[in-house]
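Heads up: the structure comes next, in structure tokens.
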Amino acid sequence: KSIDQYTQIEAAEAAQKLRQTLAKYSEAYYTKDAPVVEDYVYDDLYHDLEQLEAAFPDIVTHDSPTQKVGDQVLPGFKKVIHAIPMLSMGDVFSEAELATFDNRLQKNIGQPIEYNVELKIDGLAIDLIYEKGRFVRGATRGNGTIGEDITQNLKTIKAIPQKLTKPVSIEVRGECYMPKAAFAALNTKREAQGQPPFANPRNAAAGSLRQLDAQVAADRNLSAFMYTIVTFDDVQVTTQHEALEVLAELGFNVNPTAEVCQDMMAVQAFIARYQAMRDALEYGIDGVVLKVNDLALQRQLGNTVKVPRWEIAYKFPPEEAATIVRDIEWTI
Ligand code: NAD
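In terms of full-length UniProt numbering, the sequence shown opens at residue 5 and continues consecutively.
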């Protein structure tokens, strides 16, 4: 039955079922760092829920996964409050949906938009605070407003500077990830020791950082790319591309592939290039992120309750191994 044939009651029931299934998957993914299904399975159900809620706005509940950032905070960690919330990100899966996103923004702003296009690193978001150039606090995203204090774990990561090149006070965000080689070595070791392997580098990174014993993170060869300046007491930065340059000058590890694109043709070329290179990179990526380059325009566009309106992720199709799993599932 297609959505337009649903009654309001049927839609509410279907949405509730989807929310229950998604909550179960999210608990495994975010709280236990051990997903029970592939991401595309979660994404398909999530998009079904989004479509139902869009067709029947009255059935939206405030605890729906479409209305909140996923992760939960683990007990045992000190909690931190993100004065500026760490949001999720909208996603699209086709060129046509990407063009719709661009058209919507162009209409809203009234002019063609310049994007800073970046790789979507498959790790977990982290927030770092520096006071007078010294690293003082690091946290996970958590539920967006309340995160976990993982400062001691982050101090063990070489790619996260303890001291910046200038004595500035700054809050930055980025992605902590486990390089593919470290992930393969870790799973070999775990299997040899009779421990369950991690499902993917993202969950391995999250599982390593959300440990009370900092020695675990120290042994796991984690790395990090930073990509957002949240607050800064020094120079005025006006574009996202400039922000990446400033982050690199301050001593942060910044992914070098970002490009400013003037139109969707350039964006498509970027996507095609990195989709082809994906396997050769030493870290996992699950797509490409388009960000409005002009920070003043970003502020003008603002956020929904869950995502910024000025950025979108184009997600790559599932990798071959996952596609094979899906084919097998369907033939059983
Ligand atoms: P997301 O992880 O898809 O996207 C948002 C995140 O992208 C940001 O928080 C940031 O950490 C990251 N990111 C990486 N590179 C970036 C860059 N260059 N610029 C900005 N951000 C960048 O969204 P989400 O809300 O964290 O999680 C939803 C995702 O989690 C879905 O894709 C879903 O597949 C997956 N998930 C899977 C399961 C499962 O059971 N398999 C369950 C729940 C969620």
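Using N, Cα and C, we set each Cβ at its ideal position, and we do this for glycine too.
Kindly list the residues whose CB is nearer than 7 Å to the CB of residue i, restricted to its own chain and excluding five residues on each side of it in sequence; keep chain order.
| i | result |
| --- | --- |
| Ala-262 | Asn-120, Val-121, Glu-122, His-245, Leu-248 |
| Val-220 | Ser-212 |
| Leu-168 | Tyr-134, Gly-137, Leu-254, Gly-255 |
Near residue i, which residues of its chain fall below 8 Å by C-beta distance, leaving aside the five closest residues on each side in sequence?
| i | result |
| --- | --- |
| Val-241 | Ile-233, Ala-247, Val-250, Leu-299 |
| Phe-202 | Asp-37, Ala-38, Phe-187, Leu-190, Asn-191, Arg-194, Ala-208, Gly-211 |
| Leu-78 | Thr-35, Glu-152, Arg-214 |
| Lys-319 | Asp-47, Asp-95, Val-96, Phe-97, Lys-124, Asp-290, Gly-291 |
Helix, strand or coil: how does DSSP classify residue i here?
| i | result |
| --- | --- |
| Glu-14 | helix |
| Ser-6 | coil |
| Thr-25 | helix |
| Ser-30 | helix |
| Val-45 | helix |
| residue 4 | Since the first residue shown for the chain is 5 and the last is 336, residue 4 is missing from the structure and cannot be characterised. |
| Gly-74 | coil |
| Ile-161 | coil |
| Ile-328 | Below a pLDDT of 50, predicted positions are generally treated as unreliable, and Ile-328, at 42, falls in that range; no measurement from the model is reported. |
| Val-220 | helix |
| Arg-177 | strand |
| Lys-83 | strand |
| Thr-65 | coil |
| Phe-187 | helix |
Which one of the options has the shortest CA to CA distance from residue i?
| i | options | result |
| --- | --- | --- |
| Glu-54 | Gly-94, Glu-179, Asn-147 | Gly-94 |
| Met-268 | Asp-8, Gln-20, Ser-68, Ile-117 | Ile-117 |
| Asp-75 | Thr-149, Pro-165, Ser-227, Ile-174 | Thr-149 |
| Ser-227 | Leu-109, Lys-28, Ser-92, Ile-125 | Ile-125 |
| Gly-146 | Lys-72, Phe-139, Val-296, Arg-138 | Lys-72 |
| Gln-302 | Phe-320, Thr-243, Tyr-46, Pro-200 | Thr-243 |
| Thr-35 | Ala-103, Thr-144, Glu-14 | Thr-144 |
| Ala-129 | Tyr-231, Asn-307, Lys-162, Leu-78 | Tyr-231 |
| Arg-313 | Ile-113, Val-264, Cys-180 | Ile-113 |
| Lys-159 | Gly-198, Lys-5, Asp-217, Leu-102 | Asp-217 |
| Leu-294 | Leu-285, Val-309, Ala-270, Glu-286 | Ala-270 |
Is residue i close to ligand 2? I mean its beta-carbon at under 6 Å from any heavy atom of the ligand.
| i | result |
| --- | --- |
| Gly-74 | Absence of ligand 2 from the depicted structure is noted, with ligand 1 being the only ligands included. |
Using a Cβ-Cβ cutoff of less than 6 Å, which residues in the same chain neighbour residue i once the five nearest sequence positions on both sides are dropped?
| i | result |
| --- | --- |
| Tyr-33 | Pro-39 |
| Ala-16 | Ile-63 |
| Met-182 | Pro-205, Ala-208, Ala-209, Leu-226 |
| Val-140 | Ile-133 |
| Thr-155 | Arg-141, Gly-142 |
| Arg-224 | Ser-212 |
In the segment 240-325, which residue ranges form an unbroken beta strand (DSSP E) of at least 3 residues, counting only runs that do not cross its ends?
263-265, 289-296, 315-319
Mind listing, in chain order, the continuous beta strand (DSSP E) runs of no fewer than 3 residues lying wholly within the segment 90-154?
119-125, 128-135, 138-144, 150-152
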